[in-house]
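> Using the working numbering, the first residue of the sequence shown is number 3, and each one after it goes up by one.
Cβ coordinates follow ideal geometry from the N, Cα and C atoms, glycine included.
As the structure is a prediction and not an experimental result, all values here were calculated from the model.
My structure is below; once you've seen it, I'll send some questions.
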Amino acid sequence: MSRVVVLTGASSGIGRAAALAFAQRGDRVVLAARGLPDLSAVAEESGGLAIPADISDGASVDALAAAAVRAYGRIDVWVDTAAVMAYGKFEDLPPSVFDKVVTTDLLGAANVARAALRVFRAQGQGTLVLCSSLLAHVTVPYMSAYVTAKWGLRGLIRTLRQETRDAPGITVCTVAPGSVDTPIYQRAANYAGRAGSPPPPVAAPSKVAEAILRQVDKPRPEVSVGLANRLIEFGFVVLPPVYDALVTTMMRTFGLSRHKIEAHEGNVFHPAQDLEQASGPDLNAQNSQFGSGGAP
3 MSRVVVLTGA
13 SSGIGRAAAL
23 AFAQRGDRVV
33 LAARGLPDLS
43 AVAEESGGLA
53 IPADISDGAS
63 VDALAAAAVR
73 AYGRIDVWVD
83 TAAVMAYGKF
93 EDLPPSVFDK
103 VVTTDLLGAA
113 NVARAALRVF
123 RAQGQGTLVL
133 CSSLLAHVTV
143 PYMSAYVTAK
153 WGLRGLIRTL
163 RQETRDAPGI
173 TVCTVAPGSV
183 DTPIYQRAAN
193 YAGRAGSPPP
203 PVAAPSKVAE
213 AILRQVDKPR
223 PEVSVGLANR
233 LIEFGFVVLP
243 PVYDALVTTM
253 MRTFGLSRHK
263 IEAHEGNVFH
273 PAQDLEQASG
283 PDLNAQNSQF
293 GSGGAP
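Next up, the structure:
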């Protein structure tokens, strides 16, 4: 029997790849993101139902859940991959940017979990897959807001698994990718002076989508996606002085490109389409220098 799958963050990257993968195997997909043009394109590709929603707004997420239940009678799976990112030293990030990244990536995921679990409790079953990151297990400079959010999300996920032990039909799990070829790096806010770049090795979104589908079919607490993830985690935990001595150089070499750019808010406050329409020629030129990119 086909599942009803809600995907938040479905307009690009991992969310888009997962939507297409679920649809290809016959599941019915409800797609949500802030930007309607890209979302509509994915809906056309997948045959899904597009519902614009901002996960940082709890009421918006609740309305999405209600719309999915009205349309299909239930929600079997909810996958959240929505995220924004900001580059720059902590002291250089405007507080509003730092706060919005944490609000979207951590509190937004909490909004999703709250809405999904409410539906799952009423049904007695459901699977929640939250997209975490390698950066929920290690820290790197110039990404303090994203790291803070993902470490917090890791704690939330563990707590949710403990609190749903009384409901055998409900599963909470996560996928933790390293670098993935999505636009998040280029759309990120940037106060580092140099454009973001996905550090190698970079996985295709389809690889993460495959891991998400495996989590739905045979759930595990967490699945890591990335050839170097375990090695990086080992260095962080077992050799912290060495890791800390090397990570800034590695980040500046592989995590930031050589393209110099002016400070900007990226898509932290507005969808990518709004950014392109309102940013003017300077930011658009900066974005065009480094293409479609990738993200954790």
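Assuming Q125 contacts R76 under a Cβ cut-off of 8 Å, what Cβ separation, rounded to an integer in Å, is found between them?
The residue labelled residue 125 in the question sits at position 123 within the sequence shown. The residue labelled residue 76 in the question sits at position 74 within the sequence shown. Indeed they touch by this definition, with Cβ atoms about 6 Å apart.
> When the Cα of A213 is compared with those of G110, A35, C175 and A112, which residue comes out closest?
For the purposes of this step, residue 213 is identified with residue 211 of the sequence shown, where counting begins at 1. Closest by alpha carbon: C175.
> What would DSSP say about D64, mapped onto helix, strand or coil?
If you number the sequence shown from 1, residue 64 lands on position 62. It is helical.
> Taking only the alpha-carbon atoms, compute the straight-line gap between V63 and A84 and give it to the nearest angstrom.
Taking the first residue of the sequence shown as 1, we reach residue 63 at position 61. Taking the first residue of the sequence shown as 1, we reach residue 84 at position 82. Spanning the two alpha carbons is a distance of roughly 12 Å.
> Can you list, in chain order, the residues of its chain with a C-beta nearer than 6 Å to that of V6? Leave out the 5 residues immediately preceding and following it.
The sequence position of residue 6 within the sequence shown is 4, counting from 1. Same-chain partners within the cutoff: R30, Y74, R76, I77 and D78.
> Output the distance between the C-alpha atoms of L95 and R72, rounded to the nearest integer angstrom.
Position 93 of the sequence shown, counting from 1, holds the residue named residue 95. Position 70 of the sequence shown, counting from 1, holds the residue named residue 72. Rounded to whole angstroms, L95 to R72 spans 42 Å at the Cα level.
> I'd like to know if the segment 200-214 and the segment 154-171 are in contact, where contact means that at least 3 CB-CB pairs between them fall below 8 Å.
The segment 200-214 is not in contact with the segment 154-171.
> Which runs of the alpha helix (DSSP H) spanning at least 4 residues fall entirely within the segment 163-236, listed in chain order?
The segment 163-236 contains these whole alpha helix (DSSP H) runs: 186-189 and 207-219.
> Do you know offhand how far A67's Cα is from V142's?
Position 65 of the sequence shown, counting from 1, holds the residue named residue 67. Position 140 of the sequence shown, counting from 1, holds the residue named residue 142. Taking the straight line from one Cα to the other gives about 35 Å.
> List the whole-angstrom C-beta distance separating A12 from A21, where the pair is believed to meet the contact cut-off of C-beta under 8 Å.
Counting from 1 along the sequence shown, the entry for residue 12 is found at position 10. Counting from 1 along the sequence shown, the entry for residue 21 is found at position 19. Confirmed, Cβ separation roughly 5 Å.
> Per the DSSP calculation, L33 is bridged to which residue(s)?
One-based indexing of the sequence shown puts residue 33 at position 31. Looking at the DSSP assignment, L33 forms a beta bridge with L9 and A52.
> Can you tell me whether V121 is helix, strand or coil according to DSSP?
Along the sequence shown, one-based indexing puts residue 121 at 119. V121: helix per DSSP, three-state reduction.
> Pull up the distance between the alpha-carbon of W335 and that of T129, whole angstroms please.
For residue 335 there is no data in the structure shown, the boundaries of the chain being 3 and 298.
> Check whether the segment 223-231 and the segment 37-46 touch, using three or more Cβ-Cβ pairs below 8 Å as the test.
No, because fewer than three Cβ pairs between the segment 223-231 and the segment 37-46 fall closer than 8 Å, the two stretches do not touch.
> Can you tell me which of the three DSSP states V142 falls into?
Translated into the one-based positions of the sequence shown, residue 142 becomes position 140. Coil.
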